[in-house]
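Residues -30 to -1, 1 to 173 in mature numbering (1 follows the signal peptide of the UniProt record, and there is no 0) are what the sequence shown lists, from first letter to last.
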Amino acid sequence: MSFYREFTFSEMFFAAALFGLLTISSFTQALEVEHCNKEPDQGHTCDTRKPGIRYHYDRTTNKCLPFLYKGCGGNRNNYMAPFDCMSQCMAWDGPYGCVGKKNSTGLCDNKGLTCPEGSICKYGPTTTGVCCDKETEEQYNKELNPKCDGGKVLIKQKTSMGWLPLLGKKCSYEFCPEGADCVEGKWFAHCCGSEEKFGPKKA
């Protein structure tokens, strides 16, 4: 007894159309990932649009960060708002991966499985975590909460979680407000300014 049969033209057409839609969807997703991984391009000044702050995805930190867009040109790693950037590009596989997407040095848990020397445990939504380089993680966390020298105040921005440090990727992206100094670290850059002009901001 044969289980094969001839398909009608409409059935074959539907199958071909479905395959085409799936192929286009996969291709679109691949393009989204590709453009998210590009370095932000500030573009160039033009008469049709004014310069303004936009947001780009930074794959090394899995964050959406501000940069000054000059008005025209550039690439697709360019979003009007942080949420737009996050919904398109951010990996939602948990905040417990190692900084810079570095390989973990092992697994850990709260039942006695510990990390090797020089590593710390980063927990996910469960009681199991991954081991990451301690020095790298500490430097990253320090830059997430920077301090300003010389009596200047740290410039903050209002978010849904309260007032947080205004962080960007590089000073060359010109994300700090006019009159502020930009200080660049390994993972982030932050903005410092005079207390008379910029602070302090309160939560």
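Glycine included, every Cβ here is placed at the ideal spot set by N, Cα and C.
Rounded separation between residue i and residue j - CA only
i: Leu124; j: Glu144; result: 16 Å
i: Tyr110; j: Lys72; result: 13 Å
i: Arg24; j: Lys140; result: 14 Å
i: Phe158; j: Lys81; result: 35 Å
i: Lys33; j: Ser142; result: 18 Å
i: Cys6; j: Arg46; result: 8 Å
i: Ser164; j: Met56; result: 32 Å
i: Ala(-1); j: Asp151; result: Per-residue confidence for Ala(-1) stands at a pLDDT of 39, beneath the threshold of 50, marking its modelled position as unreliable; the derived number appears in the next sentence. Cα-Cα distance, rounded: 38 Å.
i: Thr129; j: Glu148; result: 20 Å
i: Glu107; j: Asn48; result: 28 Å
i: Gly99; j: Glu105; result: 18 Å
i: Leu77; j: Leu83; result: 7 Å
i: Met131; j: Cys146; result: 20 Å
i: Leu134; j: Thr75; result: 31 Å
i: Lys8; j: Leu136; result: 22 Å
Check whether residue i and residue j have beta carbons under 7 Å apart
i: Leu35; j: Gly138; result: yes
i: Glu113; j: Gly169; result: no
i: Gly44; j: Asp11; result: yes
i: Cys42; j: Gly13; result: yes
i: Cys101; j: Cys85; result: yes
i: Tyr27; j: Cys59; result: yes
i: Thr15; j: Gly70; result: no
Reference residue i; option with closest CA among the options
i: Thr96; options: Asp79, Leu136, Lys104 and Glu165; result: Asp79
i: His160; options: Glu148, Lys167, Val3 and Pro116; result: Pro116
i: Ala61; options: Trp133, Ser164, Leu134 and Val3; result: Val3
i: Lys122; options: Lys128, Ser74, Glu105 and Val153; result: Val153
i: Lys20; options: Lys8, Lys40 and Glu9; result: Lys40
i: Cys162; options: Gly99, Gly76 and Gly120; result: Gly120
i: Lys167; options: Gly132, Lys126 and Trp133; result: Lys126
i: Phe103; options: Lys8, Trp133, Cys68 and Gly132; result: Per the sequence shown, the amino acid found at residue 103 is Asp instead of Phe. The shortest C-alpha separation from Asp103 is found at Cys68.
Residues that residue i bridges to, as DSSP identifies them
i: Tyr49; result: Tyr25
beta-carbon residue i near the ligand COA non-hydrogen atom, thresh 6 Å
i: Val69; result: The model on display carries no ligand, and the ligand COA is accordingly not part of it.
Inset, instruction - Determine, using beta-carbon pairs with one atom in the stretch 45 to 65 and one in the stretch 83 to 91, whether at least three such pairs fall under 8 Å. - result: No contact exists between the stretch 45 to 65 and the stretch 83 to 91.
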